[in-house]
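Contents: one structure, followed by commentary.
Protein chains: 2
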Amino acid sequence: MTRPSEVTRDRIMKAAERLFAERGYDGTSIRAIVAKARVNQAAINYHFDGKDGLYREVLRGAFRGMIAEQVSHGEELKAMSREEALTAFIRRQLHPLMARDEFSRHMRIFNWESVHPTPVFRSMMAEESAPFMGLATDIVRRFVPEADARTLMVAAIWLIGQCSVFLRNRDTLAEPPFGLDLDESTVEWLAQMVSRWVLAGFGRSAPANKA
Amino acid sequence: MTRPSEVTRDRIMKAAERLFAERGYDGTSIRAIVAKARVNQAAINYHFDGKDGLYREVLRGAFRGMIAEQVSHGEELKAMSREEALTAFIRRQLHPLMARDEFSRHMRIFNWESVHPTPVFRSMMAEESAPFMGLATDIVRRFVPEADARTLMVAAIWLIGQCSVFLRNRDTLAEPPFGLDLDESTVEWLAQMVSRWVLAGFGRSAPANKA
DNA sequence: CGTCTTTTTAAACGGCAGTTTGAATTTCAA
DNA sequence: TTGAAATTCAAACTGCCGTTTAAAAAGACG
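Order-wise, the sequence lines are chains A and B. Quick note: the first sequence, position 130, residue 129 per numbering that gives the first Met the number 0, numbers continuous. Quick note: the second sequence, position 137, residue 136 per numbering that gives the first Met the number 0, numbers continuous.
Shown next as structure tokens:
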């Protein structure tokens, strides 16, 4: 079913996703996109009604792709013990540290958005983030079942954020003075490390006892 | 000695810091800066040798300001118990959630940098981040004194990152479906929450011995 | 005061941004 | 095959970008 127009559209989307992820919206020109996609410049306006429309489509793709990716593994998590599920969740979150695949590009686009959210992103967050948040909440709930709704939500956000400092500063951490080699074994070690801290954090602090 | 040139320079710096923090480097035009600072457009090139030079100065100010801010409280932390020190550290980190002061602007500039680091930032990170990292490392070391250097560093980074998900997504979290009211009491509650999780995480998982 | 330096100013510059145009080409149903 | 619709294309358009210029203004100082 690959009509020629679909081919052009797809090439633009792929090139745009890479460039938007790498340099952000303002840092990406449509001339750079069409050069990478090897299509005519006017094609963006024809197919997407301008740079804004193209970005909207890319963002939607990233948003839904990421949620689908996570939710598709949601069932696996439910079959695990809570400790295994949490470790698996964190390992998946840390995955972009070593790979430069679609998932890590989507993460980068969200990083740009979190610094300066666009209206499109805000509305998607409001309307479509529930499945992903639900996933994180489900994990958290297995550790702190008695928590109220707000605590549960904050705990889920906190869990999601456990890896963000590493993801976001990947480039910085790879250089001096940190010099973290982000190969497979290091990332796995890191995942184990973070999982252990989070596990311990949830494991005993929940009952709000006195230290 | 407020020579007139110093006044102009200062007005440009202040306006630029605000705009760079809000919209990033690419999203800020020098025309917007000079309008906000109410100076002539050529003044930026005269005083800072161009937009790049101005940004470099702003970034240096943010970098050193933030480190000085943190280090100035470093002595207080040493006088506290490790639990108090950690809570105080986290509370300070979360402070930008409610205030839009200089400190929170500096954080925002770093957020832009962490998405797409500039060479200037990289070199500052390599050459001047030691005092701040040392601060975080000192706190961590009190919980995991036997940890090796790499573990200690990762733990310090992890500690620093504990609040980043909340800081970075402040705008998003304030809206539905999250709807976090970021007033003083909520932020204090959040600080207590995060501190408790981190404390528990470090408190018992650290010895990493035969579980 | 007169002269030299520092600072400010308005205007213009070249360049790249996103978009539009209208014709050429391709697609596809009739 | 034909003709209308969809798609591609090169080129031009408007506007904002960062920077430069050269002259005016303000200070510094003997």
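Ideal placement from N, C-alpha and C gives every residue a C-beta, glycine not left out.
_For chain A, check one thing: does any of its Cβ atoms lie closer than 8 Å to the Cβ of residue 117 of chain B?_
no
*Spatial neighbours of residue 191 of chain A within its chain, please: CB distance less than 6 Å, with the 5 preceding and 5 following residues excluded, ordered by chain position.*
none
_Test: residue 234 of chain B CB closer than 8 Å to a CB of chain A_ = Residue 234 of chain B lies beyond the stretch modelled for chain B, which goes from 0 to 210, so this question has no answer here.
*For residue 46 of chain A, collect the residues of the same chain with a Cβ closer than 6 Å to its Cβ; drop the 5 residues on either side in sequence, then sort them by chain order.*
8
_With a threshold of 8 Å on Cβ separation, who are the neighbours of residue 11 of chain A within its own chain once the five nearest residues in sequence on each side are excluded?_
32, 33, 36, 38, 42, 43, 46, 47, 53
_Near the ligand NAD: residue 190 of chain B beta-carbon under 7 Å from a heavy atom_ = As far as ligands go, the structure on display features none, and thus does not contain the ligand NAD.
*Buried or exposed: which applies to residue 70 of chain B, given that a residue is buried once 16 or more other Cβ atoms fall within 10 Å of its Cβ?*
exposed
*Along the chain, where does the alpha helix (DSSP H) that runs through residue 130 of chain B open and close?*
Per DSSP, the continuous alpha helix (DSSP H) segment holding residue 130 of chain B begins and ends at 129-140.
*Nearest chain B C-beta to residue 138 of chain A closer than 8 Å, yes or no?*
no
*asked:* Taking the alpha-carbon of residue 223 of chain A as reference, which of A:89, A:60, A:24 has the nearest alpha-carbon?
replied: Examination of residue 223 of chain A is not possible in this model, given that chain A is present from 0 through 210 alone.
*Is it true that the CB of residue 66 of chain B sits closer than 8 Å to the CB of residue 131 of chain B?*
yes
*Between residue 193 of chain A and chain B, is there a C-beta pair that is closer than 8 Å?*
yes
_Quick check: residue 124 of chain A and residue 185 of chain B, are their CB atoms within less than 8 Å of each other?_
no
*Are there 16 or more other CB atoms within 10 angstroms of the CB of residue 178 of chain B, so buried, or fewer, so exposed?*
exposed
*Are residue 49 of chain B and residue 25 of chain A close, meaning C-beta to C-beta below 8 Å?*
No, these two residues do not count as a Cβ contact at 8 Å.
_In chain order, what are the residue ranges of uninterrupted alpha helix (DSSP H) at least 4 long that sit wholly in the stretch 52-83 of chain A?_
73-78
*Output, in sequence order along the chain, the residues in the stretch 163-174 of chain A whose CB is closer than 8 Å to any CB in chain B.*
163, 164, 165, 167, 168, 170, 171, 172, 174
*Measure from the alpha carbon of residue 40 of chain B to the alpha carbon of each residue in B:133, B:154, B:14, B:86, then state which is nearest.*
B:14
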